[in-house]
Every structure is written in structure tokens, then in C-alpha cells.
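**Student:** For the sequence shown, my numbering assigns the number 1 to the initial residue and increments by one for each residue that follows.
Glycine included, each C-beta is placed from N, C-alpha and C at the ideal position.
Below is a structure I'd like to ask you about.
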Amino acid sequence: MSSALASAITTEIVYVTPFSAEGATQMLFDMENGLIPLISHIFTRCGVSPNMNYDEAFVTLLGSLKLLSLPWAVITLMRDEIDQVIFLLLLVFGM
1 MSSALASAIT TEIVYVTPFS AEGATQMLFD MENGLIPLIS HIFTRCGVSP NMNYDEAFVT
61 LLGSLKLLSL PWAVITLMRD EIDQVIFLLL LVFGM
């Protein structure tokens, strides 16, 4: 059930909403400090032991929000580094 919730939030909100870095940071904070503890509490009361930290859907959701919350300068530097790595791989493997 938690996977379905995380997948729905990811596809219906995160992937279609144009976030600013601040908005993504706020949503990440709300997920980590509000929604996940609340769901954990509800599951625990029902006798289920959720481990959402290792749930692939929640990892994708939180990872997406972490990337969206990065400052523009960091994203630009990361993009430049990725371009250089791809170029080097093409040189090494002759693709």
C-alpha cells in the first residue's frame, strides 16, 4: 500500500508539477517529517511493520525531490560533469 501511495505521489504530483527549488525542498521536508512518519505510525498500529526507507517507490519519490531541490548552479555543474564522463566513455570504448 505504501508503494502505491508513493508511486501515485510521484507520477501525479512530482512528475507533472513545475517545482522551484524551494517548493521541492518544502515538499521533501513535508514527506520526510510529516507523511512518512504518519504512515509508519498508522501501519504500526495495524500490526504491520513498514520499512519505507527501503521501499523502491519511496526511494524514487524522495530522490526525485532531492534532485529538484538542488540549486541551479549545482545542477549546471552536475550536467557539465555528466557530459564530460559520457565523452570520456565514448573515447575509451570507441562508441
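Mind checking whether leucine 68 and methionine 31 have CB atoms under 8 Å apart?
**Tutor:** By one-based count along the sequence shown, residue 68 stands at place 68. By one-based count along the sequence shown, residue 31 stands at place 31. Cβ atoms of leucine 68 and methionine 31: not closer than 8 Å.
**Student:** For alanine 24 versus alanine 57, is the C-beta distance shorter than 8 Å?
**Tutor:** Translated into positions along the sequence shown, residue 24 becomes position 24. Translated into positions along the sequence shown, residue 57 becomes position 57. No, they are not a contact pair.
**Student:** In whole angstroms, give me the CA-to-CA distance for glycine 47 and valine 85.
**Tutor:** Here residue 47 refers to the residue found at position 47 when the sequence shown is read from its first residue. Here residue 85 refers to the residue found at position 85 when the sequence shown is read from its first residue. About 48 Å.
**Student:** Have a look at glutamine 115 and glycine 94 and give me their C-alpha separation to the nearest angstrom.
**Tutor:** In this structure the chain extends from 1 to 95, so residue 115 is not present and cannot be described.
**Student:** I'd like the span of the alpha helix (DSSP H) that includes isoleucine 86, first residue to last.
**Tutor:** As a first step, residue 86 is located in the sequence shown; it is residue number 86 there, counting from the start. Looking at the DSSP string, the run of the alpha helix (DSSP H) that includes isoleucine 86 is 72-93.
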